[in-house]
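S.K.: Chains as they are written, first to last, in this note's numbering: chain L, 1 to 230; chain W, 231 to 460. Before we start, here is the structure in question, set down as C-alpha cells.
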DNA sequence: ATAAGGCCGTGCATTAAGTCACGGCCGGAT
DNA sequence: ATCCGGCCGTGACTTAATGCACGGCCTTAT
C-alpha cells in the first residue's frame, strides 16, 4: 500500500506514541500506514465520516473542531508535529465526532485499524502504550472541562499563556513567544469570541502583565500574571 | 486480600467492562479486587490523592466532581451500577483529578493496577476491552465539551431529558421518569446554578412541554421537546 | 505599487446566566 | 406530632460575555 514503507517507519519512530517500539513492530505498523500530504485548508475528514484508522502529524498543523448545523464551530484541539488524533473513534468503530482541517501544510500519517489491532494482539507493551495515550487525552480533556465550567475567560487565557512556564520561584521573569495559530482560532479553542479574546489581551496588556505585538506575546512578569485575580 | 473472592468475581462478571471475560480471567481479576461498602456521604478519594487502581460500582451511586480551592464544585459524572471510574488516572500513575463521593449507599469494587496490568499482558482481548472503555469515556466527554461550549443552558437540559428517548417518529408520545439525583447535583452536572436550572424547568413546564412534580418528570410530547428552539 | 481579502481591534447595545435574599416545603429524626 | 435541616422555587438585581457594526491594518498576489 505505501509508496515508500521505509520513510513511513522513519516518521512513525519519531512520534511519541510509537516511540520505544522495536524495529520489527515499526515495520509492521508502517505496512499499514499511508502518508497523506495536505496543504493548508484541506479537510481530512468531517464529523460523521466513517473512521477506519488513526492519524498522526509528522509536520504541519491540524485543527480539530466541533461544528453545528448552522455553521458555528468550536475548536477542540490544535494538533502539531508528534500529535495524533482519531484513536478513540477508531476503537469504537463509530463515525468521527469532530472535523479535521489542515491549518499549515502537513504530512499526516494514517494508520489503519487493522494494523493497530494486529499490533495490540502481538504486543501487550504496545497495548499499554495506547492505553496511556488515551488516558492522557482524557486527562487533558477533563482539564478543558474544568476550565470551561469553573474559570472565567480571562483565567483561561492566563492559563493558556502560562501553559508551559515552569512554576519557578519569585522574581520577575520575562518570557516571549509567538502564538502558534491565528488569534481567531485560539479564541475558539479557549471558548471565547474573537472580540472577547481581543479585549482580554488588551486588558492584560494595559495592566502591565503582558505585551502584545501581532502574534508575539511577551509575558512581562510570570509570577504576577499567575497571581492574576478577577 | 479479598474476604470472599467468589462474590467479587460474581460482581465483576456483571460489569459491562468485564463482561465476556472467561472464568479464569475473572478469577485472576477478583484476586486483585477489594470490595468497598460505603454509606452515602463517604468520600472515596479526593483530588490529589494517589491512584493505584480503578473502581467499579456494583450498586449505589457515586458522584465525581471537580473542586476549587474556594469550595466551588462542578459535578463531572454520576456513576451508577455497572459504571466504572479512575482508569485513566491509574494508567497514567498520576494523582486523581476529581473527587469521588458516595451519593447513595454503595458497593464499590476496587481493582488494583497490578491485576489490570497483569491481565493486559495475559490477554489482548482484555486490552481491547479497556481501550474501548476509555474510548467510550472520551467520546462522552467530548459530547460534554460540545454541550458546554456551543449549547445554551436550556438546550443542555433538553438534551439531558431526552438522553435515552428513542428518536422515534411523529405523534405526541409521553414518557415519565424520576431524576436519579437531587436537582442541585444535576444542575451542577449540566453546568447550571440551582436557580437557573429551576427556572429552566419552570419555563419548559409553562410552555407545556414537560410536567414536573418533585423529582418526577413527565415529558408531555417528546418530538416537540426535541424540536425546542430558543 | 496597488488592489483585494482575511484578520483584528473597539464602541455600543443586548442578553444569558449568576448572585443575593428570602420563604416555603418536604422528609427524617425525636 | 412536631421540630429541624436540607432542598427547592422565585423575585430583583448585577455581571460576564455576546453580537453587531465598522474601520484599520497587514499580507499576498497581480
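The beta carbon of each residue, even a glycine, is placed where N, CA and C say it ideally should be.
If you pair each beta-carbon of the region 373–389 of chain W with each one of the region 152–162 of chain L, do three or more pairs fall below 8 Å?
M.R.: Segments in contact, no.
S.K.: At the 8 Å Cβ level, is residue 55(L) part of the contact set with chain W, yes or no?
M.R.: As a first step, residue 55(L) is located in the first chain; it is residue number 55 there, counting from the start. No - not a single Cβ of chain W is within 8 Å of the one on residue 55(L).
S.K.: Which residue wins for smallest C-alpha separation from residue 130(L), given the options 21(L), 7(L), 10(L) and 71(L)?
M.R.: The residue labelled residue 130(L) in the question sits at position 130 within the first chain. Nearest option by C-alpha distance: 21(L).
S.K.: Check whether the region 35–49 of chain L touches the region 100–108 of chain L, taking contact to mean three or more Cβ pairs, one atom from each stretch, closer than 8 Å.
M.R.: Yes, since at least three Cβ pairs between the region 35–49 of chain L and the region 100–108 of chain L fall closer than 8 Å, the two stretches touch.
S.K.: Identify every run of the alpha helix (DSSP H) within the region 71–156 of chain L, keeping only runs that are complete inside it and at least 4 residues long; order them along the chain.
M.R.: Complete alpha helix (DSSP H) runs here, min 4: 87–92, 113–122 and 124–150.
S.K.: When you measure from the CB of residue 363(W) to every non-hydrogen atom of the ligand MG, does any distance come out below 7 Å?
M.R.: By its list of ligands, the structure shown contains no ligand whatsoever, and the ligand MG lies outside what it can speak to.
S.K.: Mind checking the region 127–146 of chain L against chain W and listing, in chain order, the residues whose C-beta falls within less than 7 Å of any C-beta there?
M.R.: Taking 7 Å as the Cβ-Cβ cut-off against chain W, the residues of the region 127–146 of chain L that qualify are 127, 128, 130, 131, 132, 134, 135, 136, 137, 138, 139, 141, 142, 144, 145 and 146.
S.K.: Going by other Cβ atoms of all chains shown within 10 Å of its Cβ, with 16 needed for buried, is residue 242(L) buried or exposed?
M.R.: Since the first residue of chain L shown is 1 and the last is 230, residue 242(L) is not available in this structure.
S.K.: Report the option in 290(W), 338(W), 322(W) and 440(W) whose CA atom is closest to the CA atom of residue 452(W).
M.R.: Reading the second chain from its first residue, position 222 is the one you call residue 452(W). Minimum Cα distance to residue 452(W) is reached at 440(W).
S.K.: Whose Cβ in chain L lies nearer than 9 Å to the Cβ of residue 453(W)?
M.R.: Here the question's residue 453(W) lines up with position 223 in the second chain. Chain L residues near residue 453(W): none, gap ~18 Å exceeds 9 Å.
S.K.: Tell me the residue span of the alpha helix (DSSP H) that contains residue 457(W).
M.R.: Numbered from its first residue, the second chain carries residue 457(W) at position 227. From DSSP, residue 457(W) is part of no alpha helix (DSSP H); its letter is neither H nor E.
S.K.: Within this structure, are the beta carbons of residue 56(L) and residue 106(L) separated by less than 8 Å?
M.R.: Position 56 of the first chain, counted from the first residue, corresponds to residue 56(L). Position 106 of the first chain, counted from the first residue, corresponds to residue 106(L). No. Outside cutoff.
S.K.: Tell me whether the beta-carbon of residue 277(W) lies closer than 8 Å to the beta-carbon of residue 326(W).
M.R.: Position 47 of the second chain holds residue 277(W). Position 96 of the second chain holds residue 326(W). Yes; because the gap between Cβ atoms is below 8 Å, this pair is in contact.
S.K.: How many Å lie between residue 404(W) and residue 16(L) at the Cα?
M.R.: Locating residue 404(W) in the second chain gives position 174, where the first residue counts as 1. Locating residue 16(L) in the first chain gives position 16, where the first residue counts as 1. Straight-line Cα distance between these residues: approximately 51 Å.
S.K.: Would you call the region 254–266 of chain W and the region 360–375 of chain W touching, i.e. three or more CB-CB distances under 8 Å?
M.R.: Cβ pair count under 8 Å is below three, so no.
S.K.: In whole angstroms, what separates the C-alpha of residue 78(L) from that of residue 448(W)?
M.R.: The residue given as residue 78(L) occupies position 78 in the first chain. The residue given as residue 448(W) occupies position 218 in the second chain. Approximately 42 Å, taken between the alpha carbons.
S.K.: Looking only at DSSP bridge pairs, what is residue 449(W) linked to?
M.R.: Taking the second chain and counting its residues from 1, one reaches residue 449(W) at position 219. DSSP lists 405(W) and 440(W) as partners of residue 449(W).
S.K.: Against chain W, with Cβ distances strictly below 8 Å, would residue 18(L) count as a contact?
M.R.: Position 18 of the first chain holds residue 18(L). Chain W, which has no Cβ nearer than 8 Å to the Cβ of residue 18(L), makes this no.
S.K.: Under the DSSP definition of a beta bridge, which residues are partnered with residue 56(L)?
M.R.: Here residue 56(L) is taken as the residue at index 56 of the first chain, counted from 1. Residue 56(L) is bridged to 84(L) and 109(L).
S.K.: Going by DSSP, what residues sit across from residue 61(L) in a beta bridge?
M.R.: The residue given as residue 61(L) occupies position 61 in the first chain. According to DSSP, residue 61(L) bridges with 104(L).
S.K.: Counting only Cβ pairs nearer than 9 Å, list the residues of chain L close to residue 302(W).
M.R.: Counted from its first residue, the second chain places residue 302(W) at position 72. Going along chain L in sequence order, the residues near residue 302(W) (Cβ under 9 Å) are 150.
S.K.: Following the continuous beta strand (DSSP E) through residue 265(W), name the residue where it begins and the one where it ends.
M.R.: Here residue 265(W) refers to the residue found at position 35 when the second chain is read from its first residue. Unbroken beta strand (DSSP E) run through residue 265(W): 263–268.
S.K.: Of all the CB atoms in chain L, is at least one closer than 8 Å to the CB of residue 461(W)?
M.R.: Residue 461(W) falls outside the range modelled here, since chain W spans only 231 to 460, and no answer is possible.
S.K.: Compare the Cα-Cα distances from residue 83(L) to each of 117(L), 108(L), 73(L) and 7(L) and report the closest residue.
M.R.: Taking the first residue of the first chain as position 1, residue 83(L) is located at position 83. With distances taken between Cα atoms, residue 83(L) lies closest to 108(L).
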